[in-house]
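Working notes, beginning with the structure itself.
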Amino acid sequence: MLTVGLFIPCYIEQLYPQVGMAALRLLERHGVRAEYPEQQTCCGQPMANSGCNADAAPLAARFLRVFRGYEYVVAPSGSCVSMVRNHYDQFLDGQPGFDHLKRSTFELCEFLVDVLKLGEVGGRFPHKVGLHQSCHGLRELRLGSGSERRVPGFDKVRSLLQRLQDIQLVELQRPDECCGFGGTFSVNEEAVSCMMGKDRVADHERAGAEIITGVDMSCLMHLEGLIRRERKPLRVMHVAEILDQSEGA
Amino acid sequence: MSGISHPEAAARFVADDARAHWHDQALWWVRKKRDVASSAVPDWEALRDAAAGIKAHTLSRIGDYLEEFERNATARGAKVWFARDAAEHNAVVHGILSERGVTKLVKSKSMLTEECHLNPYLEARGIEVTDTDLGERIVQLRHEPPSHIVLPAIHLKKEEIGELFHQQLGTEKGASDPKYLTEAARQHLRRRFLEAGAGLTGVNFAVAETGGVVVCTNEGNADMGTTLPPVHIACMGVEKLIPRLQDLAVFLRLLARSATGQPVTTYTTHFHGPRREGELHIVVVDNGRSAQLKDKVFRRSLACIRCGACMNTCPVFRRSGGYSYGFIVPGPIGSILAPGRDASAYSTLPFASSLCGSCSDVCPVRIDLHHELLAWRQEIVKRGLLPRSKRVAMKLAGWVLRFAWLYRLAGWLARRVIPALPRGLVYARWNTWGQQRELPPMPRETFRELYRRLRGRP
Amino acid sequence: MAAREEMLAALRHNAPREVPLPDSSRLGVQFPDPVRQYVESLRSVGGACLLAADRAAAQRAVADLPVYRGARRIVSLVPWVGQGNVDLAALADPHDLEGVDVAVLPGELAVAENGAVWVDGRSLPHRAVFVIAEHLVLVAEARQVVNDMHEAYARLAAREVGYGLFISGPSKTADIEQALVIGAQGARSCTVLLVG
Chain B
1 MLTVGLFIPC YIEQLYPQVG MAALRLLERH GVRAEYPEQQ TCCGQPMANS GCNADAAPLA
61 ARFLRVFRGY EYVVAPSGSC VSMVRNHYDQ FLDGQPGFDH LKRSTFELCE FLVDVLKLGE
121 VGGRFPHKVG LHQSCHGLRE LRLGSGSERR VPGFDKVRSL LQRLQDIQLV ELQRPDECCG
181 FGGTFSVNEE AVSCMMGKDR VADHERAGAE IITGVDMSCL MHLEGLIRRE RKPLRVMHVA
241 EILDQSEGA
Chain G
250 MSGISHPEAA ARFVADDARA HWHDQALWWV RKKRDVASSA VPDWEALRDA AAGIKAHTLS
310 RIGDYLEEFE RNATARGAKV WFARDAAEHN AVVHGILSER GVTKLVKSKS MLTEECHLNP
370 YLEARGIEVT DTDLGERIVQ LRHEPPSHIV LPAIHLKKEE IGELFHQQLG TEKGASDPKY
430 LTEAARQHLR RRFLEAGAGL TGVNFAVAET GGVVVCTNEG NADMGTTLPP VHIACMGVEK
490 LIPRLQDLAV FLRLLARSAT GQPVTTYTTH FHGPRREGEL HIVVVDNGRS AQLKDKVFRR
550 SLACIRCGAC MNTCPVFRRS GGYSYGFIVP GPIGSILAPG RDASAYSTLP FASSLCGSCS
610 DVCPVRIDLH HELLAWRQEI VKRGLLPRSK RVAMKLAGWV LRFAWLYRLA GWLARRVIPA
670 LPRGLVYARW NTWGQQRELP PMPRETFREL YRRLRGRP
Chain P
708 MAAREEMLAA LRHNAPREVP LPDSSRLGVQ FPDPVRQYVE SLRSVGGACL LAADRAAAQR
768 AVADLPVYRG ARRIVSLVPW VGQGNVDLAA LADPHDLEGV DVAVLPGELA VAENGAVWVD
828 GRSLPHRAVF VIAEHLVLVA EARQVVNDMH EAYARLAARE VGYGLFISGP SKTADIEQAL
888 VIGAQGARSC TVLLVG
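Residue numbers (this note's numbering), protein chains in the order written: chain B, 1 to 249; chain G, 250 to 707; chain P, 708 to 903.
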């Protein structure tokens with residue numbers, strides 16, 4: 001049986017534990033033993049993205065210590081996985097185990113599609129769903145082809161969702177515009193961040209979405225914050241929750 | 250140089266909600282036109298690779314190419330000048346004009362001359378300077394800088410332009426039809442072209458192999474300005490060099506499509522030496538470019554061909570406008586160039602980004618813009634230019650996250666305390682997140698606690 | 708020439724290690740019908756393309772153009788097309804070209820992917836004629852249509868390029884609220900005649 005290390009981003013661990021559980025159940029249902037190393041805390045992205053490399057370095061080292069040795073590391077987050085794959089070199093290059101870690105850390109959907117080779121996840125999800133393309137997952141991990149590039153189209157996340165029975169994926173005006181979370185950007189540039197988020201919500205609303213989903217709970221947390229303040233008739237669910245709910249039912 | 254706070258300027262821009270959305274839609278539309286145009290080019294991504302490669306090669310042999318260019322341009326009868334900085338550039342241009350008794354200059358778009366603040370320099374010395382690109386003429390009449398490098402007046406509504414023209418060009422009050430206003434500008438600028446003693450242009454590409462300079466425009470203003478007056482001054486940054494004539498094909502197939510969604514600009518004019526009974530002066534400028542060339546990370550952005558695609562796609566630029574950056578080149582590329590000039594004054598610019606990466610994916614020369622923005626953030630922290638409060642917050646957060654027990658304690662406290670506090674306290678002014686957003690609902694259990702309860706201790 | 712020496716030295720000193728020029732030979736696009744693509748490209752940039760089987764047909768086509776019929780001052784640098792009444796060679800000052808209604812100019816090649824025509828400066832006694840005239844007619848041969856800019860520059864490299872330009876459609880601007888206005892500061896219309 002395939003064993004993976006379950007990497008639960010700090011904000012999911014603290015604020016959205018149900019997303020972590022959904023990811024766990026999903027993996028288990030597909031024959032994967034997911035271990036949760038308790039010593040993990042945070043990948044260090046908030047510090048690194050603020051330019052505070054000195055504060056991120058110990059967290060990178062910690063991450064390697066915690067997850068070294070797993071055949072795969074899987075996380076329900078595009079941005080955290082991108083941190084490990086694309087931005088840990090400056091901290092861990094040359095360290096034993098890092099090369100393997102870099103090559104074997106996956107976001108959940110890409111793990112299901114690329115490693116488990118799952119064509120689809122079973123079940124029904126009879127709702128109108130808007131897929132928010134989280135930027136790091138899309139442009140750093142290339143979970144999809146994106147609207148900017150002239151390459152053959154593909155979308156790993158959408159491919160899993162669209163096979164759920166009775167799901168209606170709505171069509172957005174701007175399919176992959178940033179939601180405006182951007183980590184500390186959400187606070188440092190609060191005005192623009194919220195305008196961006198409100199515009200995303202409005203796009204989903206106009207398209208008839210009941211639920212906004214995506215691979216990054218951080219984006220969804222920001223959109224949910226705006227939705228709840230404005231009392232909009234929408235809710236957010238992580239892709240893991242949708243897949244788990246459909247399959248589990 | 251006084252600093253600019255992008256967040257403060259952006260907040261003011263966003264406060265006029267209707268206008269901010271209008272600006273955002275206008276630029277998104279240009280981004281969409283770029284998408285349509287690039288979709289029609291089957292080898293688009295290969296072109297981007299080639300463009301990036303040609304620029305990287307050229308920069309690695311820039312000294313040789315500059316000498317080759319100078320040799321060939323001179324052989325064709327052009328005069329090549331060298332300017333180490335803005336002051337030398339301005340002095341050279343002024344010298345050429347004053348020696349010939351030129352008092353009226355017509356200019357087509359050149360971001361370099363904006364960078365050097367050429368206009369005020371010449372005007373202070375008695376030379377009338379007319380910016381002839383329609384967008385630039387509009388902002389010149391308003392005594393404003395351009396807000397976008399390709400679409401200088403994108404921040405203005407046609408009614409505002411109509412009022413401006415009514416006051417300064419005598420058009421009808423209240424008239425705002427773009428055709429009508431453009432016609433008025435045509436007549437007004439035509440007189441300037443006919444009266445000018447010299448014409449100044451920028452340079453889109455300088456070809457080392459032939460000693461030629463290429464200028465790409467849509468309106469015809471650069472060509473009016475260089476075919477009527479006998480003196481043509483072409484100002485270029487050293488990074489505009491490309492090796493061979495055939496390399497132009499790669500860039501010309503990318504430039505207009507990236508900038509405005511057109512397959513090519515209306516005019517792509519190649520200048521090799523002066524015209525009969527005329528003069529061609531080419532002013533080659535450094536002004537910090539050789540210093541940027543030294544930097545392993547930031548040298549890559551010297552490949553920029555000033556198309557503006559990064560600005561059009563940037564969700565932050567579209568919602569904050571060019572003036573929020575306080576630099577002649579705004580948006581993603583500007584946020585990399587500006588701190589290079591003055592990291593202290595422009596320290597907020599690399600943070601004026603969610604690092605979404607869209608800019609890097611539209612850049613025709615594959616500059617990894619969002620990675621360079623991140624690199625600038627690291628540099629700003631290293632130089633001690635990050636505001637103290639942010640520095641402290643990050644240090645604290647980093648410290649807490651290093652120790653699992655401390656992290657869990659902090660989380661536990663937050664989840665116990667925050668829901669117990671009165672709403673007015675939680676959502677007070679200090680809570681920036683909470684100004685327009687609800688805080689996430691605090692769950693009873695963390696994932697770790699849930700996992701232990703449902704799966705047992707790992 | 709301290710500036711020159713200092714700049715060259717700084718650029719050489721700071722330049723990265725040399726990387727090779729990439730191979731661009733496989734770039735480009737091939738159209739099944741380049742002439743038809745050219746017509747469409749020119750139309751999309753606000754110009755118009757007329758196909759004429761021979762010189763006589765070309766002459767008739769130009770004579771029929773509304774802008775030509777209404778023109779008072781005409782420059783024609785293509786001897787067998789149009790009746791010019793402004794002798795460019797005799798004109799001392801290009802400023803006197805202000806007010807020319809139509810200029811008929813020769814093109815050397817036409818680019819299918821973007822509607823451009825290459826006008827060689829050697830055919831223009833005064834350069835200003837292509838931009839100062841109110842309306843432009845460019846005459847090229849159908850067999851001079853190439854697929855893309857790579858092919859265009861391959862042909863241009865064969866002869867020494869002096870002053871010359873690609874003209875793609877009429878002058879235009881969208882500087883006022885992104886509203887496209889055809890006829891900005893140069894020609895208000897651009898008609899290309901492809902002959903043969």
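Each residue gets a CB set at the ideal place from its N, CA and C atoms; glycine is no exception.
It should be emphasised that the depicted structure is a prediction, and the values quoted were computed from it without experimental measurement.
Member of P:Y870, P:E884, P:A840, P:A861 whose CA lies at the smallest distance from the CA of S734 (chain P) = Here residue 734 (chain P) turns out to be Leu, not Ser, going by the sequence shown. Nearest C-alpha to L734 (chain P): P:A861.
Taking the runs of the alpha helix (DSSP H) that are 4 residues or longer, which of them lie wholly in the region 808-845 of chain P?
-> Within the region 808-845 of chain P, the runs of alpha helix (DSSP H) that reach at least 4 residues and sit entirely inside it are, in chain order, 836-839.
Hey, how far is the Cα of R68 (chain B) from the Cα of V649 (chain G)?
-> Here the alpha carbon of R68 (chain B) sits roughly 22 Å from the alpha carbon of V649 (chain G).
Span of the beta strand (DSSP E) holding T898 (chain P)?
-> Per DSSP, the unbroken beta strand (DSSP E) holding T898 (chain P) starts and ends at 896-902.
DSSP state of A61 (chain B) mapped onto helix, strand, coil = DSSP places A61 (chain B) in helix when its eight states are reduced to three.
Show which residues of chain B have a CB atom less than 7 Å away from the CB atom of I795 (chain G).
-> There is no way to answer for residue 795 (chain G), as the model of chain G reaches only from 250 to 707.
For F873 (chain P), count neighbouring Cβ atoms within 10 angstroms of its own Cβ and tell me buried if that reaches 16, exposed if not.
-> Buried, since its Cβ has 16 or more Cβ neighbours within 10 Å.
Going by DSSP, which residues form a beta bridge with I889 (chain P)?
-> According to DSSP, which records beta bridges pairwise, I889 (chain P) is partnered with P:K879.
With distances taken between CB atoms, is the gap from L618 (chain G) to S609 (chain G) smaller than 8 Å?
-> Against a cut-off of 8 Å, the Cβ pair of S609 (chain G) and L618 (chain G) comes out as a contact.
In angstroms with no decimal places, state the Cα-to-Cα distance between D535 (chain G) and M714 (chain P).
-> Roughly 7 Å separates the two Cα atoms.
Within 8 Å, strictly: CB atoms of I211 (chain B) and V129 (chain B) = Taking 8 Å as the Cβ cut-off, I211 (chain B) and V129 (chain B) qualify as a contacting pair.
Amino acids of chain B, ordered along the chain, whose beta-carbon sits closer than 9 Å to that of F600 (chain G) | What F600 (chain G) touches in chain B: S50, G51, T184, F185, N188, E189.
Could you tell me whether the Cβ of G248 (chain B) comes closer than 8 Å to any Cβ of chain G?
-> Chain G contact via Cβ: absent.
H857 (chain P) versus G:V546, G:L658, G:L449, G:L501, residue with shortest Cα-Cα distance = Ranking the options by Cα distance to H857 (chain P), first place goes to G:L501.
Evaluate F600 (chain G) with the Cβ neighbour count: other Cβ atoms within 10 Å of its Cβ, from every protein chain shown; 16 or more gives buried, anything less gives exposed.
-> The residue is buried, with at least 16 neighbouring Cβ atoms inside 10 Å.
Cβ of S830 (chain P) less than 8 Å from any chain G Cβ?
-> No, S830 (chain P) does not count as interfacial toward chain G.
Which residue's Cα is closest to the Cα of R626 (chain G): G:S602, G:L494, G:S425?
-> Proximity to R626 (chain G) across G:S602, G:L494, G:S425 peaks at G:S602, based on C-alpha coordinates.
Could you give the uninterrupted runs of the beta strand (DSSP E) lying entirely in the region 480-504 of chain G, keeping only those of 3 residues or more?
-> DSSP runs (the beta strand (DSSP E)) wholly in the region 480-504 of chain G: 480-486.
State yes or no: is the beta carbon of R651 (chain G) nearer than 8 Å to at least one beta carbon in chain B?
-> So yes, R651 (chain G) belongs to the interface.
Closer than 8 Å, CB to CB, is M250 (chain G) near chain B or not?
-> Caution applies to M250 (chain G), whose pLDDT of 44 falls short of 50 and renders its modelled position unreliable; the model cannot decide the point.
Supposed close pair K102 (chain B), V84 (chain B) - CB separation, criterion 8 Å | About 7 Å separates the CB atoms of K102 (chain B) and V84 (chain B); that is less than 8 Å, so the two are in contact.
Are there 16 or more other CB atoms within 10 angstroms of the CB of D800 (chain P), so buried, or fewer, so exposed?
-> Using a 10 angstroms sphere on the CB of D800 (chain P), the tally of other CB atoms stays under 16, which defines it as exposed.
H238 (chain B) - partner residues in DSSP beta bridges = DSSP lists B:G214 as partners of H238 (chain B).
For M250 (chain G), collect the residues of the same chain with a Cβ closer than 6 Å to its Cβ; drop the 5 residues on either side in sequence, then sort them by chain order.
-> Its pLDDT being 44, under 50, M250 (chain G) is placed unreliably in this model, and the value from its coordinates should be taken loosely. Excluding sequence neighbours, M250 (chain G) sits near D591, A594.
Spell out whether any CB of chain G is found under 8 Å from the CB atom of L872 (chain P).
-> By this cut-off, L872 (chain P) is an interface position.
In the DSSP assignment, find the unbroken alpha helix (DSSP H) run with H857 (chain P) in it and report its ends.
-> From DSSP, the alpha helix (DSSP H) with H857 (chain P) extends over 856-864.
Residues that DSSP places opposite I531 (chain G) in a beta bridge = Note: I531 (chain G) is bridge-paired with G:V329, G:A483 in the DSSP secondary-structure output.
For D426 (chain G), I'd like the list of residues in its chain whose CB is within less than 6 Å of its CB, leaving aside the five on either flank, ordered along the chain.
-> Close CB contacts of D426 (chain G) within its chain, under the 6 Å cut and outside five residues either way in sequence, are absent.
Does P707 (chain G) have its Cβ less than 8 Å from a Cβ in chain B?
-> Cβ-Cβ to chain B under 8 Å: yes for P707 (chain G).
Contacts around E363 (chain G), its chain only, beta-carbon distance under 6 Å, and the 5 residues preceding and following it disregarded = Excluding sequence neighbours, E363 (chain G) sits near I577.
Using beta-carbon positions only, say whether Y88 (chain B) and V4 (chain B) come within less than 8 Å of one another.
-> When the beta-carbon positions are compared, Y88 (chain B) and V4 (chain B) stay at least 8 Å from each other.
L694 (chain G) in three-state terms, based on DSSP | Reading off the sequence shown, one finds Glu at residue 694 (chain G), where the question assumed Leu. Correct three-state label for E694 (chain G): coil.
For E35 (chain B), the first and last residue of its enclosing beta strand (DSSP E) | Under the DSSP assignment, E35 (chain B) falls in the beta strand (DSSP E) whose first and last residues are 32-35.
Chain G contact for H30 (chain B) (CB, 8 Å cutoff) | Contact with chain G is absent for H30 (chain B), since none of that chain's Cβ atoms lies less than 8 Å from the residue's Cβ.
Taking 8 Å as the CB-CB limit, is S896 (chain P) close to chain G?
-> Output row for S896 (chain P): interface = no.
Since D155 (chain B) sits in a beta bridge, which residues does DSSP pair it with?
-> Secondary-structure assignment with DSSP links D155 (chain B) through a beta bridge to B:G144.
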